[in-house]
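Working notes for the structure below.
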Amino acid sequence: MKIAMLGTGYVGLVSGVCFSDFGHEVVCVDKDPRKIEMLKAGKVPIFEPGLDRLMATNVEAGRLTFTLDLAEALDGADAVFIAVGTPTRRGDGHADLTYVMAAAREIAGTAKDYIVVVTKSTVPVGTNRKVAQELAAANPDLQFDVASNPEFLREGAAIDDFMKPDRVVVGVQTERAAQVMAEIYRPLFLRDFPIVTTDLESAEMIKYAANAFLATKITFINEIAALCEKVGADVKQVSKGMGLDGRIGNKFLHAGPGYGGSCFPKDTKALARIGQEHASPMQITEAVIQINEEVKRRMVEKLRDLCDGSFNGKTVAVLGVTFKPNTDDMRDAPSLTIVPALVGGGARVRVTDPQGRHEGEALLPGVEWCADAYEAADKADVVVILTEWNEFRALDLERIAGGMVTPRMADLRNIYSEAVALGAGFAEYTSIGRGREA
Ligand code: NAD
Numbered sequence: 257m258k259i260a261m262l263g264t265g266y267v268g269l270v271s272g273v274c275f276s277d278f279g280h281e282v283v284c285v286d287k288d289p290r291k292i293e294m295l296k297a298g299k300v301p302i303f304e305p306g307l308d309r310l311m312a313t314n315v316e317a318g319r320l321t322f323t324l325d326l327a328e329a330l331d332g333a334d335a336v337f338i339a340v341g342t343p344t345r346r347g348d349g350h351a352d353l354t355y356v357m358a359a360a361r362e363i364a365g366t367a368k369d370y371i372v373v374v375t376k377s378t379v380p381v382g383t384n385r386k387v388a389q390e391l392a393a394a395n396p397d398l399q400f401d402v403a404s405n406p407e408f409l410r411e412g413a414a415i416d417d418f419m420k421p422d423r424v425v426v427g428v429q430t431e432r433a434a435q436v437m438a439e440i441y442r443p444l445f446l447r448d449f450p451i452v453t454t455d456l457e458s459a460e461m462i463k464y465a466a467n468a469f470l471a472t473k474i475t476f477i478n479e480i481a482a483l484c485e486k487v488g489a490d491v492k493q494v495s496k497g498m499g500l501d502g503r504i505g506n507k508f509l510h511a512g513p514g515y516g517g518s519c520f521p522k523d524t525k526a527l528a529r530i531g532q533e534h535a536s537p538m539q540i541t542e543a544v545i546q547i548n549e550e551v552k553r554r555m556v557e558k559l560r561d562l563c564d565g566s567f568n569g570k571t572v573a574v575l576g577v578t579f580k581p582n583t584d585d586m587r588d589a590p591s592l593t594i595v596p597a598l599v600g601g602g603a604r605v606r607v608t609d610p611q612g613r614h615e616g617e618a619l620l621p622g623v624e625w626c627a628d629a630y631e632a633a634d635k636a637d638v639v640v641i642l643t644e645w646n647e648f649r650a651l652d653l654e655r656i657a658g659g660m661v662t663p664r665m666a667d668l669r670n671i672y673s674e675a676v677a678l679g680a681g682f683a684e685y686t687s688i689g690r691g692r693e694a
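If you count the sequence shown from 1, position 287 lands on 543 in my numbering, and the numbers rise without skipping.
Here's what the structure looks like:
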């Protein structure tokens, strides 16, 4: 199969590289000349573990190329995947389809032969039909089918998720499109990964329902954590006891500073919006969105308490700013709420993150960037663990505490325990949902 991939972001690049690794011929296109230049030079514009090596192997094998020229990518292609961004539209929470629709028009203006136009971007129910209308209107002679193929990969584990998915969802209208999609995903089909074939609307809905459910699960445990603090329970023990129930499962049941990232915040808002538009309110999702904001605000208050009621004049070391470990993605990260509150409250903020600086510098004005946790914590009053990068999981806490002015720790990922922190010389330790420590 020959595949064109529109968009070389977190989803498009990983998908393109993995499809080429399946043995398909893949041409990745982007509008951003900087990205294409880097990719042509063998450099990966994002941080995703293992992607550089897999990309190099497939480029070397001649199956993977990069271009700014859509015509070159579409020439002879069996399918074109739209993997462009669908951010929250300013003002109303709806998914912004500007990039998807522009991509559809560009494809209509360029494609010559029958092609399957696959939407990989997360799009509201009904969008694939709109893409089909757009294609037909822009080029009435074009022979095409549309397909919905939402992506479920997680940044930081994207290659494994793509190569060993829990399922692949494919929404189609015609047998011809179903056959092309089956051929593209044959390597996974042969290895018994489930392929769920649906109509277009169900495929679109599966993606939003899955993400809203996961955001709900995280928010549920965050709310339980707040109650644990009041009643003297330990949320870590509670989630373990809950998660061992096979009907519940232990994933996405870790209390933290609120969900963030490029998907959950925007997808929950878009689902709420779709519900409102169809007079079928998504009340649980709407509550989740609101509670997640409260969770982030609660973190700020937790930190303020640890700073004796005021950030003014305090030095705060922040470990981790990306929305989760193993990515450089800062979109909607809790740090974007918490760090400005510290800076705005008059704290001196010293920040470190293994991959977040490149994106974070512009997003977090007024902070000092440090090489590692030890440098950040040097002469600080409070150290805050915001992202559970591996290198923050096994810190020499005695060394950290020894270099601080008044060693206090806010462990917003529950990596350590009060006993361990106090034993290492911290005067105070606070975490999430642990009213009483075992
Ligand atoms: P991204 O912002 O990282 O990448 C989008 C890319 O598309 C950019 O490089 C941009 O330059 C390019 N682009 C825009 N218009 C173009 C055009 N007309 N032609 C060629 N390139 C164009 O976005 P992302 O994080 O990869 O997300 C893409 C979609 O996948 C979104 O709908 C998102 O919701 C969904 N998704 C993301 C993830 C994730 O973890 N990031 C997971 C599952 C689904």
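Ideal Cβ positions, reconstructed from N, Cα and C, are used throughout, including at glycine.
Just list the residues that DSSP pairs residue i with in beta bridges.
| i | result |
| --- | --- |
| Arg284 | What sits at residue 284 in the sequence shown is Cys, not Arg. Answer is Met261 and Phe322, bridged to Cys284. |
| Ala471 | DSSP output for Ala471 lists no bridge partner at all. |
| Thr686 | Ala666 |
| Asp401 | Val372 |
| Thr344 | Ala351 |
| Val336 | Ala260 and Val373 |
| Asp490 | Arg690 |
| Val574 | Val607 and Val640 |
Is the Cβ of residue i closer than 8 Å to any Cβ of chain C?
| i | result |
| --- | --- |
| Gln429 | Any reference to chain C falls outside this structure, which holds one protein chain only. |
Any heavy atom of the ligand NAD within a distance shorter than 7 Å of the CB on residue i?
| i | result |
| --- | --- |
| Phe508 | no |
| Glu362 | yes |
| Leu330 | no |
| Glu411 | yes |
| Leu619 | no |
| Ser518 | yes |
| Phe445 | no |
| Lys376 | yes |
| Tyr464 | no |
| Gly382 | no |
| Ala471 | no |
| Glu407 | yes |
| Ala597 | no |
| Gly427 | no |
| Thr342 | yes |
| Tyr441 | no |
| Leu262 | yes |
| Asp637 | no |
| Gly268 | yes |
| Val336 | no |
| Val676 | no |
| Val424 | no |
| Tyr355 | yes |
| Ala359 | yes |
| Ala747 | No statement about residue 747 is possible, as the shown extent of the chain runs from 257 to 694 and does not include it. |
| Asp286 | yes |
| Ala339 | yes |
| Asn291 | One detail in the question is off: residue 291 reads as Lys in this sequence, not Asn. Answer for Lys291: yes, Cβ within range of the ligand NAD. |
| Gly265 | yes |
* **Segment contact, 8 Å Cβ cut-off, at least three pairs: the segment 335-344 with the segment 260-270** => yes
* To do: Could I get the ranges of all uninterrupted beta strand (DSSP E) runs contained in the segment 576-652, with 3 residues as the minimum, in chain order?
  => 604-608 and 638-641
* Jot down the residue ranges of each uninterrupted alpha helix (DSSP H) in the segment 526-572, minimum 4 residues, whole runs only, in chain order. => 539-562
* Flag this pair as touching only if the segment 320-330 and the segment 290-298 have three or more C-beta atom pairs under 8 Å; answer yes or no. => yes
* To do: Jot down the residue ranges of each uninterrupted alpha helix (DSSP H) in the segment 406-471, minimum 4 residues, whole runs only, in chain order.
  => 414-419, 431-440 and 442-446
* Cβ pair count under 8 Å reaching 3, the segment 397-407 against the segment 276-295 -> no
* Would you call the segment 449-463 and the segment 419-439 in contact, with 3 or more CB pairs under 8 Å? -> yes
* Asked: Okay, do the segment 382-389 and the segment 465-476 touch, 3+ Cβ pairs below 8 Å being the bar?
  -> no
* Quick check: the segment 612-630 against the segment 651-669, are there 3 or more CB pairs under 8 Å? -> yes
* Does the segment 541-552 come close enough to the segment 563-572 that 3 or more CB-CB pairs lie under 8 Å? -> no
* To do: Assess, as a yes-or-no matter, whether the segment 609-625 is touched by the segment 668-677 under the definition of 3 or more beta carbon pairs within less than 8 Å.
  => no
* Asked: Are the segment 520-531 and the segment 592-606 touching, with three or more C-beta to C-beta distances below 8 Å?
  -> no
* **In chain order, each beta strand (DSSP E) run of at least 3 residues that lies wholly inside the segment 268-317** => 281-285
* Asked: Does the count of Cβ pairs from the segment 514-524 and the segment 578-592 closer than 8 Å reach three?
  -> yes
* To do: Decide yes or no for the touch test of the segment 433-447 against the segment 489-500: beta carbon pairs closer than 8 Å, at least 3 of them.
  => no
* Asked: Quick one: any contact between the segment 553-565 and the segment 373-382, if contact means 3 or more CB pairs under 8 Å?
  -> no
* **Three or more C-beta pairs below 8 Å linking the segment 457-468 and the segment 405-425** => yes
* Hey, is the segment 659-666 in contact with the segment 676-686, meaning 3+ C-beta pairs nearer than 8 Å? -> yes
* To do: Check whether the segment 474-489 touches the segment 502-512, taking contact to mean three or more Cβ pairs, one atom from each stretch, closer than 8 Å.
  => yes
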